[in-house]
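A.B. asks: First, the structure itself, so that you have it in front of you.
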Amino acid sequence: MNDKLQLPNLDYAALSPMLILFGVACIGVLVEGFVPRRIRHGVQLSLSLLGLVAALVMVIRQGSKDDVVTAQTAVAIDGPGLFLSAAIIVLGIVSLLLIGERSLETGGAFVAQAAVTANTDADRDQAARTTGATEVFPLTMFALAGMLLFCTANDLLVMFVALEVFSLPLYLLCALARRRRLLSQEAALKYFLLGSFASAFFLFGIALIYGYAGQVDFKAIDTAIQNSANDDILLYVGLAMLAIGLLFKAAAVPFHVWTPDVYQGAPTPVTALMAACTKVAAFGGLLRLVYVGFHRTEWELQQVLGTVAVITMLVGAILAVTQTDIKRLLAYSSIANAGYLLLGVLSVSERGLSSSMFYLVAYGFTVLAAFAVVTLVRDADGEATHLSRWAGLGRRSPLYASLFTFILLAFAGLPLTSGFTAKFGIFAAAIDAGQTWLVIAGVVSSAILAFPYLRVVVMMWLSEPGETTPAVSIPGAMTAAALVIGTVATLVLGVAPSVLIEATEHAGIFVSK
Amino acid sequence: MSLAPYVPILGLFALAAGFALFSVAAAPFVGPRRFNKAKLDAYECGIEPTPQPVGGGRFPVKFYLTAMLFIVFDIEIIFLYPWAVNFGMLGVFGFVEMVLFIVTVFVAFAYVWRRGGLDWD
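Protein sequences, first through last, are from chains H and F. Okay, so the first sequence: first residue is 1 according to the numbering used here, each after it adds one. Okay, so the second sequence: first residue is 1 according to the numbering used here, each after it adds one.
Below is the structure:
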């Protein structure tokens, strides 16, 4: 009875980025309990930013070392894993700047007590006067730490735990918008119910794959696919269920229906966080799953995921045309972008991996800048997100309208923006892999998607400002910083993408142990 | 593979079904018949099912907090039992890990305590 259990080998240096973030999140919860309300916001913001910077330093230090598979085979800290971790942390820092902004609206973008019934006097009172909940900071840190774990998880069970760790805080964050509480609550509930449903699919998929392979780590699954005498039905049904869980998070059609409602209802800084960081995490997980665990089922995957990619690109682009709300428009654009990213996943090549990672970073910066502008266009009732309100914005505030025009052109994929280099890289990788039909669908959907973007540009510049066109608020330092970082990154990655492209290629391939 | 080891289970099924049928059938003959309001209620717990309460039957949100707290400590206990059974095998590493786990649970507890989650009113 006194035999010692064999202990897992834990490489603390390699795990330190996520350990730091989890630690900071726990300290953040204690800060909520013990620090006086007056200074809580400042303490939380500096603590979270410090934690993220420390985690980034640890990721960069680990970058010069060899690939590690640690905690038995549960976590793989390899080149792509570190690159995706760094991307999540940097995009997380920029989103945190938007989340921490308090000068645009008294008390920030978040509500103080989410349990107050919407549309009552108490609700209107707290929207007008109270300062927002500072619990958003620890919640954001938990979500970001979960995303790091998700991108580096080397077996299905750890992946599932990480999925829940980053999903649960996001459900809560969605419910915390200061204004339009009913929309916000509806968004959170929809996201929670559909998200739990997708998680259940994912878990059932794990059970079936375990039944097939007898193991849950990717390398063992790969070996089992070559040798196993078990019925392939288990493998394919399990893989399909795993794909449903992941494609839900990635917002691919037909698992996309939550996206517009949640993007619209959630507080805009949280929408930005989801559009940038969750996208990286979801595709990071999907890439590792396909490249390490299931690349031998490539042929079958391409039939199914290829179809999903085509309808995702086309449905996202076509429905974006009909939108009248800027946040919903960006949501459908994010769905279409998930389709382009699926091309990178389907290439199953080194080039596909590096171009997907480049795309994730480029898109993340651009979408953060876009939502930063959305937080600025506001009137007395909060953000004016209806597109008709944006008419004539170019006359009222030429600077911000120009920035937003640049961002939209980047989404549309015009040269000299990161959107062009990113799309070019991913389409080139797909053609290399012989996926010409997917690329044709991608180009067609890009052309369709350019229309809604250009329509907004035309509205901003060529319409007369109406009575209801709001003036753009002067951004506080943090929103301004987020906007500048996002826009400059979009420009630099368009004009001189080589540095980041080299980094993605240097990251190499997923470790397979 | 022989299914013989499962035959006693079939026997148990039959016994359970027989007992249930016997009890339901015998109750009207041997049981006393003293009806009162409490006797006709839904069995001793829960919310009155009829008539439908106004506004969907609202109850204080404080109960929800109690339920959440219960889950926090319930989960902790679930992890503590197997750890306690295997304490010898797990050694110092297992002890440190469990201390870390309990510390994180107490972070949540400290938050609830400081923010008034333990006050009923």
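The beta-carbon is built from N, C-alpha and C at its ideal position, and this holds for glycine as well.
Please compile the residues from chain H whose C-beta is within a distance smaller than 7 Å of the C-beta of LEU90 of chain F.
C.D. replies: LEU5
A.B. asks: Secondary structure at PHE411 of chain H, three-state DSSP: helix, strand or coil?
C.D. replies: helix
A.B. asks: What does the Cβ neighbour count give for GLU467 of chain H, buried or exposed, with the cut at 16 atoms within 10 Å?
C.D. replies: exposed
A.B. asks: Does the beta carbon of ALA115 of chain H sit closer than 8 Å to a beta carbon anywhere in chain F?
C.D. replies: yes
A.B. asks: In chain order, what residues of the same chain lie with their CB nearer than 7 Å to the CB of ALA55 of chain H, ignoring the 5 residues before and after it?
C.D. replies: PRO17, ILE20, LEU21, ILE89
A.B. asks: Quick one: is GLY419 of chain H buried, meaning 16 or more other Cβ sit within 10 Å of its Cβ, or exposed?
C.D. replies: buried
A.B. asks: For ARG58 of chain F, which residues in chain H fall below 7 Å Cβ to Cβ?
C.D. replies: Around ARG58 of chain F, no beta-carbon contact reaches into chain H at under 7 Å, the shortest distance being about 11 Å.
A.B. asks: Name the one or two DSSP bridge partners that ALA76 of chain H has.
C.D. replies: H:VAL69
A.B. asks: Which residues of chain H have a Cβ atom closer than 8 Å to the Cβ of TYR111 of chain F, listed in chain order?
C.D. replies: VAL29, LEU30, GLU32, GLY33
A.B. asks: Of the choices H:ALA13, H:LEU193, H:LEU242, H:LEU176, whose alpha-carbon is the least far from that of ALA207 of chain H?
C.D. replies: H:LEU242
A.B. asks: For a test of the three-state rule: what should DSSP assign to MET1 of chain H, helix, strand or coil?
C.D. replies: Per-residue confidence for MET1 of chain H stands at a pLDDT of 44, beneath the threshold of 50, marking its modelled position as unreliable; the derived number appears in the next sentence. It is coil, neither helix nor strand.
A.B. asks: Is there at least one Cβ from chain F nearer than 8 Å to CYS277 of chain H's Cβ?
C.D. replies: no
A.B. asks: Can you give me the start and stop residues for the alpha helix (DSSP H) that GLN126 of chain H sits inside?
C.D. replies: 121-129
A.B. asks: Are the CB atoms of LEU10 of chain H and ALA71 of chain H nearer to each other than 8 Å?
C.D. replies: For LEU10 of chain H and ALA71 of chain H, yes; Cβs fall inside 8 Å.
A.B. asks: Could you list which residues in chain F have their beta carbon closer than 8 Å to that of CYS151 of chain H, in chain order?
C.D. replies: Per Cβ cutoff of 8 Å: no residues; CYS151 of chain H is ~23 Å from chain F at best.
A.B. asks: Please report how far the alpha carbon of GLY81 of chain H lies from the alpha carbon of THR297 of chain H, in whole angstroms.
C.D. replies: 22 Å
A.B. asks: Candidates H:SER95, H:LEU50, H:GLY42: which alpha carbon is nearest ALA480 of chain H's?
C.D. replies: Selected option, being the one with the closest Cα: H:SER95.
A.B. asks: For chain H, is any of its Cβ atoms less than 8 Å away from the one on VAL54 of chain F?
C.D. replies: no
A.B. asks: Looking only at its chain, what residues have a beta carbon closer than 7 Å to the beta carbon of MET1 of chain H, apart from the 5 residues adjacent to it on each side?
C.D. replies: Residue placement at MET1 of chain H is flagged as unreliable, the pLDDT there being 44, under the threshold of 50; the coordinate-derived value follows with that caveat. Nothing meets the Cβ criterion.
A.B. asks: Can you confirm whether MET1 of chain H, when its beta carbon is compared against all beta carbons of chain F, has any partner nearer than 8 Å?
C.D. replies: Caution is warranted here: a pLDDT of 44 is assigned to MET1 of chain H, below 50, making its placement in the model unreliable, and no coordinate value can be reported.
A.B. asks: Going by other Cβ atoms of all chains shown within 10 Å of its Cβ, with 16 needed for buried, is ILE407 of chain H buried or exposed?
C.D. replies: buried
A.B. asks: Within the same chain, show all residues whose beta-carbon is closer than 8 Å to that of VAL443 of chain H, passing over the 5 residues directly before and after it, in chain order.
C.D. replies: PHE427
A.B. asks: Name the chain H residues whose beta carbon is nearer than 7 Å to that of PHE93 of chain F?
C.D. replies: LEU7
A.B. asks: Is it buried or exposed for GLY122 of chain F, if we count other Cβ within 10 angstroms and need 16 for buried?
C.D. replies: Look at the range of chain F in this structure, 1 to 121, and you will see that residue 122 of chain F is not part of it.
A.B. asks: Taking only beta carbons into account, state which residues of the segment 155-178 of chain H come closer than 8 Å to chain F, listed in chain order.
C.D. replies: none
A.B. asks: Name the DSSP beta bridge partners of GLY382 of chain H, please?
C.D. replies: GLY382 of chain H pairs with H:ASP379.
A.B. asks: Listing by chain order, which chain H residues have their CB less than 7 Å from the CB of THR104 of chain F?
C.D. replies: CYS26
A.B. asks: Have a look at PRO60 of chain F and GLY28 of chain H and give me their C-alpha separation to the nearest angstrom.
C.D. replies: 29 Å
A.B. asks: For chain H, is any of its Cβ atoms less than 8 Å away from the one on VAL96 of chain F?
C.D. replies: Answer no: the Cβ-Cβ gap between VAL96 of chain F and chain H never drops below 8 Å.
A.B. asks: So is ALA26 of chain F in contact with chain H if we call contact Cβ pairs under 8 Å?
C.D. replies: Judged by the 8 Å Cβ criterion, ALA26 of chain F is not in contact with chain H.
A.B. asks: By how many angstroms is the C-alpha of GLU502 of chain H removed from the C-alpha of ASP232 of chain H?
C.D. replies: 39 Å
A.B. asks: Mind pulling the beta strand (DSSP E) runs of 3 or more residues that sit fully within the segment 203-262 of chain H?
C.D. replies: none
A.B. asks: Just to confirm, are ALA433 of chain H and SER355 of chain H a CB contact at a threshold of 8 Å?
C.D. replies: Cβ atoms of ALA433 of chain H and SER355 of chain H: not closer than 8 Å.
A.B. asks: Give a yes or no on whether the C-beta atoms belonging to PRO375 of chain H and THR504 of chain H are separated by under 8 Å.
C.D. replies: One detail in the question is off: residue 375 of chain H reads as Thr in this sequence, not Pro. No; because the gap between Cβ atoms is not below 8 Å, this pair is not in contact.
A.B. asks: Among the candidates H:MET147, H:LEU483, H:ILE335, H:ALA86, whose CA atom is the shortest distance from the CA of VAL253 of chain H?
C.D. replies: H:ILE335
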